[in-house]
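Trainee: Have a look at this one before I ask anything.
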Ligand SMILES: [Zn+2]
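In my numbering, the protein residues as written are 11 to 439.
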């Protein structure tokens, strides 16, 4: 049987409270042991001296565009970008064509991923049919087919009665409802965050309140129904405060933040550059600071990229016309180190937790730890390696990133899925 010994790395496994120099021993696709000076006889040895060895990183918010928009991304290309970013598991949102609102589409994604994906792919089913916000989707059968949560991401569930029913069902199937929180009446016509910068650029604004009112509504419904509820890509200071309040009340409420929402603000927008257009929009300095504070305090449970590929033909239009969203899988670790860990806002183990045990807990995934018997998914990264992001070399089929050309301090070095190296940084390979 294939054996692998990853020697002498700084092993950080927040789920087990571990942070020490140690070896990790893998047999076939399973973690066998973590400890000092493990016996390597016969095993392939990987020297991780000076590197961090962590449970495989999980990105719980990714758009893979297959089926339907394979010119933007496929399950295969998105998974390759994930591996290159240090992710071993990704969860794909249902806004494909057709929408993943029934078990046939869910099974199609699971099958395609089994055939073509370098990393684990967990589908998220739609809340409503066609994500139109009216009739509930086939939630139970999607759950049985492998969906790990439900969401109409990209579109909010505007009807509170529909949301209540969805939560009641999600509770009975024991998985969370994830909402893209945006009151469409308040955000209507907006292209960027509403504030001083939108006035300066003459663009229509999306107020923070459009997010806040829906987060508040959903939390009231989560208390009513007892459902696990998760806020996608939280971006505003009040939303972070409302989630913190819900957690204090003991409600099963969680949230995630994207790297771009803690790394950038509306003042960083290169005027009319569509690579800075996303939903929720880049908000102001106080909002970004609140997101960072939430990541530190526990109001925010996970970092997720909201990787949203769009081809140049669609993205390269006037700011007002181009679609929302940026790719993010390959820059997430670099941004988290640069904006959270290097400046001392959070510790390195907390960063690892936000990428591993955090999302695993929310989705009840049997991942995110290096406990013996766990799947041998590992992310090996270097907190100091300097490298430059060239989006033209991205494994993604799309190029819509505001971080092209950026020099990073720290990034992924190797990605191991089920005991096999699926990606290694060029100089390490
Ligand atoms: Zn969204």
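Even for Gly, the Cβ is constructed at its ideal location relative to N, Cα and C.
Leaving out five residues before and five after residue 346 in sequence, what residues of the same chain have Cβ atoms less than 7 Å from its Cβ?
Mentor: Indexing the chain shown from 1 puts residue 346 at position 336. Here the set comprises 269, 313, 361.
Trainee: Would you be able to state if there are at least three C-beta pairs under 8 Å between the segment 146–156 and the segment 370–382?
Mentor: No, the segment 370–382 does not touch the segment 146–156.
Trainee: On the CB-based measure, 16 or more other CB atoms within 10 Å of its CB, does residue 235 come out buried or exposed?
Mentor: Locating residue 235 in the chain shown gives position 225, where the first residue counts as 1. Classification for residue 235: buried.
Trainee: Could you spell out where the beta strand (DSSP E) holding residue 356 opens and where it closes?
Mentor: Walking along the chain shown from the start, residue 356 turns up at place 346. Looking at the DSSP string, residue 356 is not in any beta strand (DSSP E), and its letter there is neither H nor E.
Trainee: So what's residue 86 in DSSP terms, helix, strand or just coil?
Mentor: What you label residue 86 is simply residue 76 of the chain shown in a count that begins at 1. Note: residue 86 maps to helix in three-state DSSP.
Trainee: At 4 residues or longer, and completely inside the segment 59–145: list those alpha helix (DSSP H) runs for me, N to C.
Mentor: Qualifying alpha helix (DSSP H) stretches, in chain order: 85–94, 113–126.
Trainee: Spatial neighbours of residue 304 within its chain, please: C-beta separation below 6 Å, excluding the five flanking residues on both sides.
Mentor: To locate residue 304, count along the chain shown from 1; it is residue 294. Once the five neighbours on either side are set aside, the close Cβ partners of residue 304 are 250, 310.
Trainee: What's the call for residue 405, buried or exposed, on a 16-neighbour Cβ count within 10 Å?
Mentor: Start at 1 with the first residue of the chain shown, and residue 405 comes out as number 395. Burial call: buried.
Trainee: Using only the heavy atoms of ligand 1, determine whether one of them is closer than 6 Å to the beta carbon of residue 142.
Mentor: Residue numbering aside, residue 142 sits at position 132 when the chain shown is read from its first letter. Flag unset: Cβ of residue 142 not near ligand 1.
Trainee: Would you mind sorting residue 408 into buried or exposed? The rule is 16 or more other CB atoms within 10 Å of its CB.
Mentor: Position 398 of the chain shown, counted from the first residue, corresponds to residue 408. So residue 408 ends up on the buried side.
Trainee: For the segment 85–98 against the segment 376–395, do three or more pairs of beta-carbon atoms, one drawn from each stretch, fall closer than 8 Å, so that the two count as touching?
Mentor: Verdict: yes, contact present.
Trainee: Would you say the beta carbon of residue 254 comes nearer than 6 Å to a heavy atom of ligand 1?
Mentor: For the purposes of this step, residue 254 is taken as the residue at position 244 of the chain shown. Not so, every heavy atom of ligand 1 lies at least 6 Å from the Cβ.
Trainee: Taking 6 Å as the cut-off, is the CB of residue 317 close to at least one heavy atom of ligand 1?
Mentor: Stepping through the chain shown from its first residue, residue 317 is reached at position 307. Checking every heavy atom of ligand 1 against the Cβ of residue 317, none is found closer than 6 Å.
Trainee: Would DSSP call residue 366 helix, strand or coil?
Mentor: Here residue 366 is taken as the residue at index 356 of the chain shown, counted from 1. Here residue 366 sits in coil by DSSP.
Trainee: Under a CB-based cut-off of 7 Å, is residue 306 close to chain B?
Mentor: The structure shown contains no chain B; it is built from a single protein chain.
Trainee: Say yes only if the C-beta of residue 271 is nearer than 6 Å to one or more non-hydrogen atoms of ligand 1, and no if none qualify.
Mentor: On the chain shown, residue 271 is found 261 positions in, with the first residue counted as 1. Checking every heavy atom of ligand 1 against the Cβ of residue 271, none is found closer than 6 Å.
Trainee: Based on Cα-Cα distance, which residue from 70, 73, 75, 33 lies nearest to residue 59?
Mentor: Position 49 of the chain shown, counted from the start, is the residue given in the question as residue 59. Comparing Cα-Cα distances from residue 59 to each of 70, 73, 75, 33, the minimum goes to 33.
Trainee: Verify the contact flag: residue 320, CB atom, against every heavy atom of ligand 1, threshold strictly below 6 Å.
Mentor: For the purposes of this step, residue 320 is taken as residue 310 along the chain shown, with counting starting at 1. No, the Cβ of residue 320 stays beyond 6 Å of every heavy atom of ligand 1.
Trainee: How would you call residue 332, buried or exposed, if buried means at least 16 neighbouring beta carbons within 10 angstroms?
Mentor: Here residue 332 corresponds to residue number 322 of the chain shown, with the count starting at 1. By the 10 Å Cβ count, residue 332 comes out buried.
Trainee: If you run the structure through DSSP and keep just helix, strand and coil, what is residue 327?
Mentor: Counting from one through the chain shown, the residue named residue 327 turns up at place 317. Of the three classes helix, strand and coil, the one that applies to residue 327 here is coil, per DSSP.
Trainee: Quick one: is the Cβ of residue 190 within less than 6 Å of any heavy atom of ligand 1?
Mentor: Indexing the chain shown from 1 puts residue 190 at position 180. Indeed, a heavy atom of ligand 1 lies less than 6 Å from the Cβ.
Trainee: Where residue 348 and residue 287 are concerned, what is the direct C-alpha to C-alpha distance, given to the nearest angstrom?
Mentor: If you number the chain shown from 1, residue 348 lands on position 338. If you number the chain shown from 1, residue 287 lands on position 277. So the two alpha carbons sit approximately 22 Å from each other.
Trainee: So, with DSSP's three-state summary, where would you put residue 14?
Mentor: Against the chain shown, residue 14 aligns to sequence position 4. Of the three classes helix, strand and coil, the one that applies to residue 14 here is strand, per DSSP.
Trainee: The beta strand (DSSP E) spanning residue 390 covers which residue range?
Mentor: Indexing the chain shown from 1 puts residue 390 at position 380. Segment 388–398, the beta strand (DSSP E) holding residue 390.
Trainee: Can the beta-carbon of residue 186 be found closer than 7 Å to that of residue 136?
Mentor: Taking the first residue of the chain shown as 1, we reach residue 186 at position 176. Taking the first residue of the chain shown as 1, we reach residue 136 at position 126. The answer is no: Cβ separation not under 7 Å.
Trainee: Looking at ligand 1, does it come within less than 6 Å of residue 163, judged from the CB to the closest heavy atom?
Mentor: Residue numbering aside, residue 163 sits at position 153 when the chain shown is read from its first letter. The answer is yes for residue 163.
Trainee: Below 8 Å, can you find three or more Cβ-Cβ pairs linking the segment 15–26 to the segment 60–70?
Mentor: Yes, since at least three Cβ pairs between the segment 15–26 and the segment 60–70 fall closer than 8 Å, the two stretches touch.
Trainee: Can you tell me whether residue 125 is buried or exposed? The criterion is at least 16 other CB atoms within 10 Å of its CB, across all chains shown.
Mentor: Here residue 125 refers to the residue found at position 115 when the chain shown is read from its first residue. Residue 125 comes out exposed.
Trainee: Would you call residue 280 buried or exposed, if buried means 16 or more other Cβ atoms sit within 10 Å of its Cβ?
Mentor: If you number the chain shown from 1, residue 280 lands on position 270. So residue 280 ends up on the exposed side.
Trainee: Classify residue 26 as helix, strand or coil using the three-state DSSP reduction.
Mentor: For this step, residue 26 is matched to residue 16 along the chain shown. Residue 26: helix per DSSP, three-state reduction.
Trainee: Check the DSSP bridge columns for residue 207 and list the partner residues they point to.
Mentor: Reading the chain shown from its first residue, position 197 is the one you call residue 207. Paired residue(s): none; residue 207 is not in a bridge.
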